[in-house]
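Working notes, structure below.
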Amino acid sequence: MNVSELTVRLLLLFFPGIICHIVVEWFTVHRERKPHQVFLLCFVYGMLAYCLYHAASQILRIPTLTMDVLNFSNESSRNDKETQVIKGWEIFAVTCAGVFLGLAFSFIHKKKWAHRLALACGITAKFGELDVWEYALASPDTEWVVLRDHKNGLMYQGQVLTFSDNEEEREIILKQVNVFDEKSGDFRFEVDKIYISRRKDDMTLEFQNPEGD
């Protein structure tokens with residue numbers, strides 16, 4: 010077996026894990042991962058995808074396919090067209106399992122189920138978000154805020170529409186916004202929607218409930 014064939018087989022083995030990792034990257038927000046972490050995650054995702062496929066095959070009573078991606082000594086299979094077709098469908102099926110796992114892991118990450126379980130068991134004190142900025146704004150109790158812009162001496166009161174996950178530049182979009190002078194409290198103007206970008210040292214957030222519930 011030459012090097013190129015070995016590379017192809019290894020890529021086929023890792024492909025479902027790579028797809029799963031891409032799906033998770035699309036739908037989750039987290040700190041940047043190092044190359045060795047990405048490699049390990051792709052390997053783990055791939056193994057889980059193969060296990061899920063095997064379990065589904067057993068439950069649905071689907072005949073087990075060849076799965077000889079790493080069978081480097083099987084010379085006869087190289088000329089067996091039927092085996093090659095089965096391999097292709099098998100990789101496709103495991104890749105679909107990888108996509109399903111990616112969506113499932115993304116959903117679990119969004120709901121913070123792992124952190125909630127760990128908190129309930131007293132295993133950790135972490136809250137699962139990147140930082141307190143995201144934790145506070147992502148809370149279901151957070152709706153209305155007052156953003157104090159220390160650099161420009163203004164206050165923005167409005168509803169949180171969306172916000173960034175950048176640790177340096179804080180980006181936020183507010184709607185139904187009233188703008189006041191920070192020192193005097195005098196009303197300046199109102200706007201339906203506003204985008205604000207400030208360094209975290211140049212602003213302060215205050216959380217309020219105008220309805221008084």
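Using the working numbering, the letters of the sequence shown correspond one by one to residues 10 to 222. We put the beta carbon where it would ideally sit given N, CA and C, even for glycine. Note that this is a predicted model, so its numbers are computed, not measured.
Margin query: Under 8 Å: do the segment 18-31 and the segment 100-118 share three or more Cβ pairs, one atom per stretch?
Written below: yes
Note to self: For Lys119, tell me which candidate among Thr213, Val33, Gln217 and Phe216 has the shortest Cα-Cα distance.
What the structure shows: For this step, residue 119 is matched to residue 110 along the sequence shown. The candidate whose alpha carbon is nearest that of Lys119 is Val33.
Checklist line | Inter-stretch contact at 8 Å, needing at least 3 Cβ pairs: the segment 193-204 / the segment 120-130 | finding: no
Checklist line | Under the three-state DSSP convention, the category Asp210 falls into | finding: Here residue 210 refers to the residue found at position 201 of the sequence shown. Here Asp210 sits in helix by DSSP.
Next item on the list: Examine the Cβ distances between the segment 167-186 and the segment 208-215 and report whether three or more of them are shorter than 8 Å.
Entry: yes
Check: When you compare only the Cα positions, how much space is there between Leu19 and Ile68?
Finding: Residue 19 sits at position 10 when you count from the first residue of the sequence shown. Residue 68 sits at position 59 when you count from the first residue of the sequence shown. For Leu19 and Ile68, the distance between alpha carbons rounds to 28 Å.
Checklist line | From His30, Glu215 and Gln185, residue whose alpha carbon lies closest to that of Phe52 | finding: If you number the sequence shown from 1, residue 52 lands on position 43. Looking at the Cα atoms, His30 is the closest of the given residues.
Check: Using a Cβ-Cβ cut-off of 7 Å (strictly less than) and excluding sequence neighbours within five positions of Pro44, which residues of its own chain qualify?
Finding: Sequence index remark: in the sequence shown, residue 44 carries index 35 (1-based). Within the same chain, Pro44 has no close Cβ partners at all.
Notebook entry, point to check: Does any CB atom of chain B fall closer than 8 Å to the CB of Val200?
Noted result: Among the chains in the structure shown there is no chain B, since it carries only a single protein chain.
Next item on the list: Just tell me which of Ile132, Phe189 and Tyr144 has its CA closest to the CA of Arg157.
Entry: The count along the sequence shown starts at 1 and reaches residue 157 at position 148. The candidate whose alpha carbon is nearest that of Arg157 is Phe189.
Checklist line | Beta-carbon gap between Val169 and Glu215 smaller than 8 Å | finding: As a first step, residue 169 must be located in the sequence shown, where it is residue number 160. As a first step, residue 215 must be located in the sequence shown, where it is residue number 206. The answer is no: Cβ separation not under 8 Å.
Check: Along the chain, which unbroken stretches of the beta strand (DSSP E) at least 3 residues long are found entirely within the segment 140-171?
Finding: 153-158
Margin query: Need the endpoints of the beta strand (DSSP E) that Val188 sits in, please.
Written below: Here residue 188 refers to the residue found at position 179 of the sequence shown. Its beta strand (DSSP E) spans residues Glu178 to Asp190.
Next item on the list: Please report the Cβ distance between Tyr54 and Gly107, rounded to the nearest whole angstrom; I am assuming they are in contact, meaning their Cβ atoms lie under 8 Å.
Entry: Within the sequence shown, numbered from 1, the residue matching residue 54 stands at position 45. Within the sequence shown, numbered from 1, the residue matching residue 107 stands at position 98. Indeed they touch by this definition, with Cβ atoms about 6 Å apart.
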